[in-house]
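Chains as they are written, first to last, in the numbering used here: chain A, 1 to 549; chain B, 1001 to 1549; chain C, 2001 to 2284; chain D, 3001 to 3284.
To start, the structure under review is shown below, and the notes come after it.
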Amino acid sequence: MDEISVLIGGRAGDGINSAGLIVAHLFSQLGYQAYMYFDYPSLIKGGHNFTIIRASRQKVGAFRAKVDFLLALNQDCLDLHTARIDAKTVVICDSSRVRAEGICIPIPDILKEEHAPPVMGNSCIIGAFARAAGIGWEVVEKVLTQNIRKGLDQNKKVARRGFDMARGYVTVPVHDSPPLPLLSGNEAIGLGLLHGGLEAYIAYPMTPTSNLLHFLAEVGEGGDLLVFHPENEIAVILMALGMGYTGKKTAVGTSGGGFCLMTEGLSLSGMNEIPVVVVLGQRAGPSTGMPTYTAQSDLHFALHAGQGEFPRLVVAPGDAEQAFFWSSLSLQLAWKFQVPAIILCDKTLCEGYYSFSDPRETIPTIQPQPPGIPGTSYLRYKVTDDGVTPPLYPPTKETVIKVNGYTHDEAGITTEKAELAALMVEKRVRKGMALERELALLPTVSRYGDPGADSMIVCWGSVAGVCREVADSLGMGVVQPVVLAPFPKDGVKAVLGNPERVLVVEENACGQMEMLLACHGIRASGRVHKYDGRPFTVEELKERIAGVP
Amino acid sequence: MDEISVLIGGRAGDGINSAGLIVAHLFSQLGYQAYMYFDYPSLIKGGHNFTIIRASRQKVGAFRAKVDFLLALNQDCLDLHTARIDAKTVVICDSSRVRAEGICIPIPDILKEEHAPPVMGNSCIIGAFARAAGIGWEVVEKVLTQNIRKGLDQNKKVARRGFDMARGYVTVPVHDSPPLPLLSGNEAIGLGLLHGGLEAYIAYPMTPTSNLLHFLAEVGEGGDLLVFHPENEIAVILMALGMGYTGKKTAVGTSGGGFCLMTEGLSLSGMNEIPVVVVLGQRAGPSTGMPTYTAQSDLHFALHAGQGEFPRLVVAPGDAEQAFFWSSLSLQLAWKFQVPAIILCDKTLCEGYYSFSDPRETIPTIQPQPPGIPGTSYLRYKVTDDGVTPPLYPPTKETVIKVNGYTHDEAGITTEKAELAALMVEKRVRKGMALERELALLPTVSRYGDPGADSMIVCWGSVAGVCREVADSLGMGVVQPVVLAPFPKDGVKAVLGNPERVLVVEENACGQMEMLLACHGIRASGRVHKYDGRPFTVEELKERIAGVP
Amino acid sequence: MTDRGLITDAQNTWCPGCGNFVIQFALRDAIQSVIDSGIERERIVLVTGIGCHAKMADYLNVNSFYSIHGRTVPVATAIKMARPDLTVICCAGDGDAYAEGLDHLVFAAKRNSDITVIVHNNRVYGLTTGQYTPTSPLGFRGRSTPGGTREEPFNPLEIMLSSGATYVARGCTRRKKNLEKVIGEGIRHRGFAFIDVLQVCASYFNLSDVYDRHVYELGEGHREDNFSGAFEKAREWDYNSESPISIGIFYRTLRPTLEERMEKPPGQIMNRPALITKILESRT
Amino acid sequence: MTDRGLITDAQNTWCPGCGNFVIQFALRDAIQSVIDSGIERERIVLVTGIGCHAKMADYLNVNSFYSIHGRTVPVATAIKMARPDLTVICCAGDGDAYAEGLDHLVFAAKRNSDITVIVHNNRVYGLTTGQYTPTSPLGFRGRSTPGGTREEPFNPLEIMLSSGATYVARGCTRRKKNLEKVIGEGIRHRGFAFIDVLQVCASYFNLSDVYDRHVYELGEGHREDNFSGAFEKAREWDYNSESPISIGIFYRTLRPTLEERMEKPPGQIMNRPALITKILESRT
Ligand SMILES: Cc1ncc(C[n+]2csc(CCOP(=O)(O)OP(=O)(O)O)c2C)c(N)n1
Ligand SMILES: Cc1ncc(C[n+]2csc(CCOP(=O)(O)OP(=O)(O)O)c2C)c(N)n1
Ligand code: SF4
Ligand code: SF4
Ligand SMILES: [Mg+2]
Ligand SMILES: [Mg+2]
């Protein structure tokens, strides 16, 4: 048994997300890598929430169509997931609410006996699951202890009761790899930003990046990180630019609707050359769409948002390590080149959990821009060879620092002169080229699978996880451009080679990556799209790929 | 003398724009086609404003590097335009403010003698110009009478004084073509929208479309057009959707910064299927940039603005007739297919004046969508073959009409179901395909010059005017896609043929049309960019094209 | 329009105990009484923002425009402007109407647009899981402010009075009867009607006890037509400290509505072809 | 920072007779006196919107952030939050601060962000050639309202008082001395200072005569610390009818500023690598 999948489901408010995380931690302790998908509708109590935890000896970033264990806190959970059950699936359920064959635990009775509140039903079913999967009680105890803040003893008691009532079906083998931390994509982004030097984070809540705000707000309570939630997203980005003007490395986070409201500020950032990092979490659109479901349909919007032309960095990490790595680099690069950067992620990445291998040793330090020379002759927009002006921030002795969203001269004073305007356009263009040169030294394109395969998949963002796995099983190769702007055309071409088939896999309907590739002369021979808000399962993608002519 | 160019310049507040228009009307009366470019900085009084009027027997949409007459109301006008003067140029000036050779008129003295206010200096210099150009007094009188609202008699008097003081240099031949109306691009758009059935126009002022607001506000005072200027652009687009919900055909106008603020509403329009037409006047960016100068740098932003995927119509007219034609069609098509439409124009088009040949007879009437069937079973998002739902608007007897920016079912009730979500994505995709089919019957691509030329220019928007002219003189062909989304790929390829050279001419730095062509597999062999806010002159473009390898 | 009455058969997903249910029934009853008074149901339009409150669009079986976060008011204003024969009601959230889209609210009041805005003021962002809003008390620990907010709430009634609202009321989901009254009167009011509803959020900010303790109805003695009195009364409670909280109609007056002022004199209508021709002629 | 003093050598493009000149000199003098009182010039930051008023960023030789239309306040708030040792002043327009970006103004007042906002209230959009603003009188014929506006102005002082501003003043460009005083006091005020400046627009709305006739200074008798009195005084003139127009400081009080409340207890700083490692451990 190299891998194992567990689904746990119930109503919103039942703590399904935390329960899933506990299960994932159980596997971590046994030396597995875990991945957890969390599926929930946009409501607070009721409805149906579920998580699928998949653990494997290999790095994993996708889930399968079938599960080995189904932990059902209510009947819905069984009824809605019959398709995920096969002959081998062990069902564990609350016998008071679910009619099923398998391990049926009278959870309310146990809770009553232990004087425990309903939300602890989770722990009970997890206990039963552990026993069924042959996971030792000491592992359960350790994980509960590490992860439960309130009512630990009671939780342990009800878990033990579940444990004791179940019987072993299988025994998940134990491996001696040290346990890895489990991070959500949001947390990985947050930590990456901190690693890159983040000093301030401003956001207005919006799924799927609200949890990044919550995470950093907690961090900010204890440390020197300024976190603020203002009146709306327009204020968010303008505040970020105000922070940036004083030299504070600042990021913001949002999703499509909020990003719309930031586009005017983004263009200002392009013009006044105050860097800002925007974490843009995609979800199913257009408009409010399905706020808690995933999509990859804002690629071109991210590439082109804001009036006028200005260089920008756009990165689309596909898992927690890439999220950490490129969040750190985005901040560093944005600051070095004084451009806006967008971290384009999606609900699957943001709210999924991943076993995390600390990538810090591999992250290059970007040499920061040397500061300008203070004094009365300082020019905030001095035209230089590479287009980047040595920055200074107020207060700087004897120095006036003028930033300006109008076309301006080197000092930052508004101009409408034709030659000066053209000069400044060229300055910004050169800055973009300098950024491109710096990126040429970085791993902007990831590859997986068979590099010399006839059949190659191109994908981006969180879909990389499932593509990697499917490619492995089909003998294909995968090319994942992580940097999307400036587009690493040469890198992609080099990695892609000249295969017979190029399949583009995307979670949208219009083929946005395919279009981007086409712009750069790379033609796809086939495509697989999904646009119902749910990520591909391994089997689904495999089948869909098989169906492409 | 087949054509003639006149520059008139002075300070902001001197009425340079109106003066230019009067000169253009003089030429209209003589049977010429006229084009007028207006150049002004972003200030109210002072600075330097000028217009260049070019009249020709042919349709004209560009100006030359040199002028035949330079009418200088101040010294700046002479000093700033020395490059436009050659041996043949006749200078006419206010002798009290300008030292020059040519026709020098003591304007202040004349005004004083006629008890006329300073702003009438224009009329005086126009009178002198008319005489110098051999234009009869009766023509001047007629044009003044038709165009001057206040103080006509006094204006005539000072014009006559100027007329009498000058001497004839040339005699502009008179042709017997009937005079054409002169329209700014903004007015042509406004009239086109009215032709298409416009019922409401909402806008927050922003150059270069403020004058469209002013024009329609005047129209609205006298007729049944609802015009409103609310607190900001977010309100603008949401109000437009509110209007659209009641069935009122509505348009809005803005420029890049305001458009940013509309993008969230645009995406809502894509989702709730309430049509809206957005007039997007480009100007030099990024950010506030140079508000009164031109650019073509929002193409991809217009194509991709708003989160998520939804069909949209984007048209980029190149002159006043196209502006009228496509504004009418945009409104009709947006309503038929219930999609947002963007009329992508620029400062050159919006604020330039063109002799206008009424295109009404050539505009097809788009068969509107038949209305839905009222009653309790009406479904606002009924899934149909072509994706378009027969609409109804409140109040409709016995009918509940629900529109929704969330993913919704056919009745407009929020859903998060995977299958329903996919179904609705496909509905919208099919709507886009239906729009594309309708467009296939329309002249989405314009061509000029030699259709079989080895060397072809591809251009878009207002640049078409100068390209047309240059292509004619260089024996090249021109392809101008007027519809940019859905992109008429086949049409462009058909018209383009297979030439040796494809030059893309654009007023931006990054080659946005070139990128769009590349997306559709059309490769450019060369490019000419301009990004200083000033449109190409005929000579400049010729020279630049000659310089492309 | 099914004949199932004013409630659709969409599944209701509010939390048990949520104050939104009370608003739903109060609004339904108010709408019913408007219908009973002779306004056809198809003339009623509901506009909602985004948030828990906004689900009202799915639940009430009347025309509805489910808008985006913070943007009920411009949509509603435009609907009323386009069709003054419609009765337009907004259900907005406090995050929605007081944070994201405050400016529109002020302008609707200023213009005296004849719409009714009901703010489901649970003093928290419900749907995004419990962050502070402009009316959360100082020190509120939400998920974006785990150490407590650093700002006092504002008083929406004061702001609305200052902005020119001609009907300013407050309700509370702990007092359904009064709520129905202030909503009904608001809908009937000719001009901009603003109703701040203190709504209990069972999951993130359950102030039932506080409201039960402090809420009282404005008495007979309160003069609705007196601006200064209304303003003073509005200042009695600052949305922060514990003090008596009055509910009811604070202020009501009449001034010309936007729609009245926008009305065109009859007989102005000109057919489009003729209009276009006339303009072209004037430009020749 | 050239040593040319507080005025840059950028060409000034305001119209002759524009009230902005008066604001410019009043502000320059106020800044000079702040500098004289010991605050280094490099600690002063000017944030402007977009409009005629905003050209101040080009004309004053101090640090400046020339922002976008309607967005002075969030920029200024953030600058102050990031660097409380800076003195942050906004020059905003009435279109800018009262229409496009009104919400930010309300929130700065609510939070008591220690910045100073000077609104160049010419009651018209100058730079876009004369459209009505939220403070234009009813019936104003601007280029977007050739038949006259259909809405009354709002009173920005009332709104600011209701929003929690701790310093609310009005000046007029016809009274430079008083203007300099209210600006200077505003800058020195600890907390959010709001100054509505009735500014003459020579080209599109020249109200010199009206202001000369009606403007008077608040007398000794006016108590700046009395909210109700200030509110009542603010309502004396409604920005619409002709009536006496008082200028001066309407209201001044102290409450904790946002920046004070945001200040971190010392000693909290943790180095980043250690912090990241600690969090990773907690997730294992
Ligand atoms: C532009 C934008 N920003 C953020 C969001 C995310 N969002 C959805 S609901 C909500 C808060 C809702 O709070 P409130 O308006 O008080 O409504 P409640 O849920 O409390 O009824 C937010 C921030 C969004 N949908 N759109
Ligand atoms: C988002 C956006 N909308 C519109 C504009 C166009 N615009 C520039 S200045 C201005 C009005 C300025 O009026 P006000 O703020 O009163 O300043 P004033 O010129 O009167 O000083 C407008 C609408 C813009 N720059 N940005
Ligand atoms: S979160 Fe609060 S407001 Fe939202 S449904 Fe639940 S109880 Fe009601
Ligand atoms: S338009 Fe008005 S505000 Fe602008 S510079 Fe001229 S006088 Fe001043
Ligand atoms: Mg709320
Ligand atoms: Mg103004």
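Even for Gly, the Cβ is constructed at its ideal location relative to N, Cα and C.
Y1378 (chain B) carries a coil assignment under DSSP once its states are collapsed to helix, strand and coil. By alpha-carbon distance to A3169 (chain D), the top candidate from D:S3067, D:G3186 and D:D3029 is D:G3186. Nearest C-alpha to A116 (chain A) among A:A100, A:G151 and A:V140: A:G151. K249 (chain A) is not a Cβ neighbour of A3082 (chain D), given a cutoff of 8 angstroms.
At a cut-off of 7 angstroms, the beta-carbon of N211 (chain A) does not count as near ligand 5: no heavy atom of the ligand is closer than that. Under the three-state reduction of DSSP output, Q512 (chain A) falls in the helix class. For C3172 (chain D), the enclosing beta strand (DSSP E) starts and ends at Y3167 to C3172.
Comparing C-alpha distances from L1442 (chain B) to each of B:A1065, B:W1326, B:N1508 and B:F1063 shows the shortest one belongs to B:W1326. Collapsing the DSSP output to three states places D14 (chain A) in coil. A Cβ closer than 6 angstroms to some heavy atom of ligand 5 marks a residue here, and those residues are C:G2051, C:G2093, C:D2094, C:G2095, C:N2122, C:V2124, C:Y2125, C:G2126 and C:T2133.
Under the criterion of beta carbons closer than 8 angstroms, P1340 (chain B) and V1276 (chain B) qualify as touching, at roughly 5 angstroms. The beta-bridge partner set that DSSP reports for T3116 (chain D) consists of D:I3089 and D:A3193. In this structure, the alpha-carbon of A2054 (chain C) lies about 14 angstroms from that of V2022 (chain C).
Just so you know, the alpha carbons of Y3132 (chain D) and R3123 (chain D) end up roughly 7 angstroms apart. Remark: the C-beta of C3172 (chain D) is outside contact range of ligand 4, defined as less than 7 angstroms to any heavy atom. A Cβ of chain D is located within less than 8 angstroms of the beta carbon of Y245 (chain A). Excluding its 5 nearest sequence neighbours in each direction, A132 (chain A) has C-beta neighbours in its own chain below 8 angstroms: F69, V90, I92, I103, A166, R167, G168, Y169 and V170, listed in chain order. Within 7 angstroms of the CB of T254 (chain A), no CB atom of chain C is found; the nearest one sits about 11 angstroms away. Contact note: N1074 (chain B) does not reach chain C at a C-beta cutoff of 7 angstroms; the least C-beta distance is about 29 angstroms. Any Cβ of chain D closer than 8 angstroms to the Cβ of H195 (chain A) would place that residue at the interface, and such an atom is present.
By alpha-carbon distance to G1244 (chain B), the top candidate from C:A2010, C:P2256 and C:P2074 is C:P2074. DSSP places I1343 (chain B) inside the beta strand (DSSP E), whose first and last residues are P1340 to D1346. By the Cβ-count criterion, E3242 (chain D) is exposed, with fewer than 16 other Cβ atoms from all chains shown falling within 10 Å of its own Cβ.
Taking 7 angstroms as the cut-off, one finds no heavy atom of ligand 2 near enough to the beta carbon of M1239 (chain B). Within its own chain, the residues whose Cβ lies closer than 6 angstroms to the Cβ of G2248 (chain C), once the five positions on either side in sequence are excluded, are E2217 and L2218, listed in chain order.
With contacts defined by Cβ atoms closer than 8 angstroms, R1084 (chain B) and N1049 (chain B) do not form a contacting pair. Taking every protein chain shown into account, the CB of R2150 (chain C) has 16 or more other CB atoms within 10 angstroms, so this residue is buried. Nearest to V538 (chain A) by alpha-carbon distance, out of A:S525, A:A62, A:G20 and A:E500, is A:A62.
In this structure V314 (chain A) is in contact with L303 (chain A), their Cβ atoms being roughly 6 angstroms apart against a cut-off of 8 angstroms. A Cβ of chain A is located within less than 8 angstroms of the beta carbon of S1287 (chain B). In this chain, the beta strand (DSSP E) harbouring E2217 (chain C) covers V2215 to E2217. When D:T3116, D:D3212 and D:C3015 are compared, the shortest CA-CA separation from I3031 (chain D) is found for D:T3116. At a cut-off of 8 angstroms between beta-carbon atoms, K1427 (chain B) makes no contact with chain C. Note on geometry: alpha-carbon atoms of H25 (chain A) and L1420 (chain B) lie some 35 angstroms from one another. Within 8 angstroms of the CB of T207 (chain A), the CB atoms of chain C belong to T2128, in sequence order along the chain.
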